[in-house]
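Residue numbers (the UniProt record's numbering): 1 to 191.
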């Protein structure tokens, strides 16, 4: 029992440490950074690929998009994607599940952050602070949708993005997404 408690505490403390990727020996928690040597489109695709195809991570968010998302276009403030609404993304009614829609937009709006980043600016770890979802119309299983994501504003500590899931030219789901950047905390002031 004591051994399992120690393991649990180690995992819990890793979760509370925003710099855990650098400190952790567990490859599930290590995300490759942004490769600024690549052209913009390839940089965004490589970042997304590193997340979706990481053999050490099989979380539901990677599973939701793996082998099913195609990059249509990338600019410094906008990304567009296409994907099919597969059965594992749907509720019992055969429509895109609200949680799956949120997962899709959470992950794909983040690609605008990668597109807008440059060395020393928006290039550190980040976590979602707020995601506001609006569901306007159902998206049916089997539909091919376009996901349009835009970087609204980015600063030293926060970024704001918006996203839309569009089916047949009609906006079905919208999202406003805020992220906060994780930085190494400063050393405590000593007298």
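The beta carbon of each residue, even a glycine, is placed where N, CA and C say it ideally should be.
Since we're looking at a predicted model, the values are computed, not measured.
For a test of the three-state rule: what should DSSP assign to residue 171, helix, strand or coil? strand
Tell me whether residue 132 is buried or exposed, calling it buried when 16 or more other Cβ atoms sit within 10 Å of its Cβ. exposed
With DSSP collapsed to three states, give me the class of residue 124. coil
Which same chain residues, not among the five before or five after residue 188, have their C-beta less than 8 Å away from its C-beta? none
Got a sec? Which residues, its chain only, sit under 8 Å from residue 33 by beta carbon, not counting five neighbours each side? 123
Quick check: the Cα distance between residue 135 and residue 147, rounded to an integer number of angstroms? Spanning the two alpha carbons is a distance of roughly 14 Å.
Taking only three categories from DSSP, how would you classify residue 91? Residue state, collapsed to three classes: coil.
Whole-angstrom C-beta distance between residue 103 and residue 151, which should lie under 8 Å: Wrong, their Cβ atoms sit about 19 Å apart, outside the cutoff.
Thinking C-beta only, is residue 111 closer than 8 Å to residue 47? Between residue 47 and residue 111, the C-beta gap is smaller than 8 Å, which places the two residues in contact.
For residue 70: DSSP bridge partner residues: 82
What residue from 172, 100, 85 and 79 has the CA that sits closest to residue 61's CA? 100
Any idea what DSSP makes of residue 114, helix, strand or coil? helix
Boundaries (first-last residue) of the beta strand (DSSP E) holding residue 151: 144-154
State the DSSP-derived secondary structure class of residue 34, mapped to helix, strand or coil. coil
Note down the Cα distance separating residue 174 from residue 37, rounded to an integer number of angstroms. 32 Å
Roughly how many whole angstroms lie between the Cα atoms of residue 120 and residue 79? 21 Å
Can you look up residue 159 in the DSSP assignment and give me helix, strand or coil? strand
Taking residue 180 and residue 126 to be in contact with their CB atoms under 8 Å, please state how far apart those CB atoms are, rounded to whole angstroms. 7 Å
Taking the alpha helix (DSSP H) that residue 49 falls in, what are its first and last residues? 40-52
Indicate whether residue 115 and residue 140 have their beta-carbon atoms separated by less than 8 Å. Against a cut-off of 8 Å, the Cβ pair of residue 140 and residue 115 comes out as no contact.
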